[in-house]
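Numbering (the numbering used here), first residue to last: 11 to 242.
Here a beta-carbon is modelled for each residue, glycine too, at the ideal position from N, C-alpha and C.
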């Protein structure tokens, strides 16, 4: 009887300790998230950081030519058979609406990419050949020349397996890159979304901004009715 009571007490204590530790680690992880874009803020003028409900930071500022850049982090847990993904999303807004079509590409589409603009575009396009499966879509306004130019740039961008999405619209451009994968132990054992980094490297953010600028410069000086979709 005493042995049974002692064992029950031990089990209860162990479960309570594990629960308290999980709560404490989750609280610490939320606190760490808030500083992930502090270093990246140095890349932008008039930088401002806000926080979403999940405590991931949202950085807004200006690049050197005055255009607005918005840098976000997206924790993707929708695909259950893989580790959580932390996506870096950089949106570059034009100072005025450009006369160009909407065109975009998404790597390794599953249909669960709730953050994707490409899924909402109405016209399918034949994607360039890359190592990863690619979904390429647009708004139906692109000329053959623009599709060819877009395909060439997408082929170059998606040669890097960490690139997830690239989009060109009338009002801006967007690039989504992998920033990190979730920690296996935290995800499989505690079902927590934790990423093994305390800061997003400025080199990664700078690269994404440069890629968004390259997308912006791709389709210019075309007499085309501006599309509906936005990257903002």
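In the DSSP assignment, find the unbroken alpha helix (DSSP H) run with residue i in it and report its ends.
i: residue 164; result: 154-167
i: residue 173; result: No alpha helix (DSSP H) contains residue 173, which is instead part of the beta strand (DSSP E) from 173-178.
i: residue 128; result: No alpha helix (DSSP H) contains residue 128, which DSSP labels as neither H nor E.
i: residue 208; result: Element bounds for residue 208: n/a, residue is neither H nor E.
Cα separation between residue i and residue j?
i: residue 85; j: residue 189; result: 10 angstroms
i: residue 64; j: residue 205; result: 14 angstroms
i: residue 69; j: residue 59; result: 5 angstroms
i: residue 156; j: residue 219; result: 22 angstroms
i: residue 160; j: residue 117; result: 15 angstroms
i: residue 46; j: residue 209; result: 4 angstroms
i: residue 94; j: residue 74; result: 34 angstroms
i: residue 174; j: residue 108; result: 24 angstroms
i: residue 269; j: residue 181; result: Absent from the structure is residue 269, since the part of the chain shown begins at 11 and ends at 242.
i: residue 186; j: residue 137; result: 18 angstroms
i: residue 123; j: residue 101; result: 17 angstroms
i: residue 112; j: residue 223; result: 16 angstroms
i: residue 87; j: residue 192; result: 9 angstroms
i: residue 179; j: residue 164; result: 15 angstroms
Can you have a look at residue i and say buried or exposed, based on whether 16 or more other CB atoms are within 10 angstroms of its CB?
i: residue 227; result: exposed
i: residue 243; result: Because residue 243 is not part of the residues shown, which for the chain are 11 to 242, the question remains open.
i: residue 61; result: exposed
i: residue 230; result: exposed
i: residue 216; result: exposed
i: residue 162; result: exposed
Tell me whether residue i sits in a helix, a strand or coil according to DSSP, three-state version.
i: residue 68; result: strand
i: residue 73; result: coil
i: residue 143; result: coil
i: residue 43; result: helix
i: residue 136; result: coil
i: residue 122; result: coil
i: residue 116; result: strand
i: residue 82; result: strand
i: residue 216; result: helix
i: residue 96; result: strand
i: residue 229; result: coil
Output yes if chain C places a C-beta closer than 9 angstroms to the C-beta of residue i; else output no.
i: residue 54; result: No chain C is part of this structure, which consists of one protein chain only.
Where do the N-terminal and C-terminal ends of the beta strand (DSSP E) with residue i fall, by residue?
i: residue 183; result: 182-191
i: residue 52; result: Note, residue 52: premise wrong, no beta strand (DSSP E); not H, not E.
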